[in-house]
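Going by the working numbering, the residue at position 198 of the sequence shown is 196; the numbering climbs one at a time, nothing skipped.
Beneath this line is the structure, given in structure tokens, with notes to follow.
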Amino acid sequence: MDPATRVIELPLSTLVLACCGLAALWCACILLLRSSRSRKDPEKGASERDWSIPTIDAHATGDSPFHRWDPRIKIVSLLFYMLCLASLEQLPWAGIGLLSSLVSVRVARIPFRYPLRRLAAMGTFLTMFVVVMPLTAPIKSGDTVVTFQQFSLIVFNLRGLLLALLICTKACAIAVLMEPLLSTSSFAVTIQALAGLRVPSFVGQMVLLAHRYVFVFQDETARMLKGMAARGFEKRTSLDTLRTVGNFLGMLMVRSFERTQRIYDAMLSRGYDGSFPNAEEFIAQQKDWVKAGFWVTLGIGLLVADRLIR
């Protein structure tokens, strides 16, 4: 080991406590994700969920500076800001970026349980960075490493831990900012804004239809599984289970194809000619450019401070 490397030796009990803490964090993420899935929105009450309503733009009817922002300028500005966040190299500035994303959720008047669901879904994956990178980061001159008494095979590189925390913080900041980006406009308006940014229209139509009917597909899957359970089907490690699951997937594909054909015929009967009518006419105003300037300036400011202030 390089003589310039600083070695800190800790008792083995510290390693045990750290492992228990990571296990508790992992369990908390799983429980949070499950509770968020089972929790029903207060406005829907105990009624059955309407699978025809996508959830990505559930707050599109709200009123906030993000809702009143031209979607075209909003997409470009926030994507540029996300690019600046992804380019940060220091943890404190990434933390400021995460704080700004949380503030933007508050300004957009979106309940915090929605970005928490997104973070809970990412939690298991991000936790692996915190576990693996400190153990696998190569030791360089000047690094600080942690070893444990009577267990010297494990060498914990603090530089790897800081790098893992940096990646996790930037990922969380970008994921949280997706809520104000996507939830403050209807999905059809967002797709229309992408078309206004010269994204091919057929790509937008494919994304819009896929997002619209993935919930119908999910509902069809749930109803078929419920019917199988009512007939006594139980998952086992056997050829009968494999055969039943194969039949289930085949029938699901057949039903999906038939539904797709009916949907296409219905669209043709309503005058579909290869393009969707515009849901909204975009008119950029001065306040839209002011908001764009704020986010662009914030992103560039974080990037410049990250490079100059060490």
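The beta-carbon is built from N, C-alpha and C at its ideal position, and this holds for glycine as well.
For clarity, every value in this text was computed on a predicted model and none was experimentally measured.
Under the three-state reduction of DSSP output, N245 falls in the helix class. Residue pairing of V144 in beta bridges, as defined by DSSP: I6, F154. Where E278 is concerned, there is no enclosing alpha helix (DSSP H), because DSSP gives it neither an H nor an E. Taking 8 angstroms as the upper bound for CB-CB distance, L163 and L89 are in contact here, some 6 angstroms apart. Within 10 angstroms of the beta-carbon of P275 lie fewer than 16 other beta-carbons, which makes it exposed. K138 carries a coil assignment under DSSP once its states are collapsed to helix, strand and coil. Going by beta carbons, Y79 and G297 fall inside the 8 angstroms limit.
One thing to note: T134 has its Cβ within 8 angstroms of the Cβ of G158.
In this structure, the beta-carbon distance from L195 to I73 falls below 8 angstroms. If you ignore the 5 residues before and after G202, its C-beta comes within less than 7 angstroms of the C-beta of I189, L192, A193, all in its own chain and listed in chain order. Residue state for L86 is assigned as coil, using DSSP reduced to three classes. Taking 8 angstroms as the upper bound for CB-CB distance, D55 and F146 are not in contact here, some 50 angstroms apart. Judged by DSSP secondary structure, K233 falls outside any alpha helix (DSSP H); it is assigned neither H nor E.
A straight-line Cα-Cα distance of about 21 angstroms links D141 and A92. Residues V105, A106, K289 of the same chain have their beta carbon placed closer than 8 angstroms to that of P63, with the five preceding and five following residues left out of the count. Proximity to M204 across W287, I172, T258, M131 peaks at T258, based on C-alpha coordinates. Y112 sits in a helix when the DSSP states are folded into three classes.
A check of alpha carbon separations from I71 across L301, V302, Q283 identifies Q283 as the nearest. Within the stretch 53 to 106, the complete alpha helix (DSSP H) runs of at least 4 residues fall at 69 to 84, 89 to 105.
Secondary structure note for Y211: its alpha helix (DSSP H) is the uninterrupted segment 199 to 228. The beta carbons of M120 and A173 sit closer together than 8 angstroms. In chain order, D55, A58, P69 place their CB closer than 7 angstroms to the CB of S183, counting only its own chain and leaving out the 5 sequence neighbours on each side.
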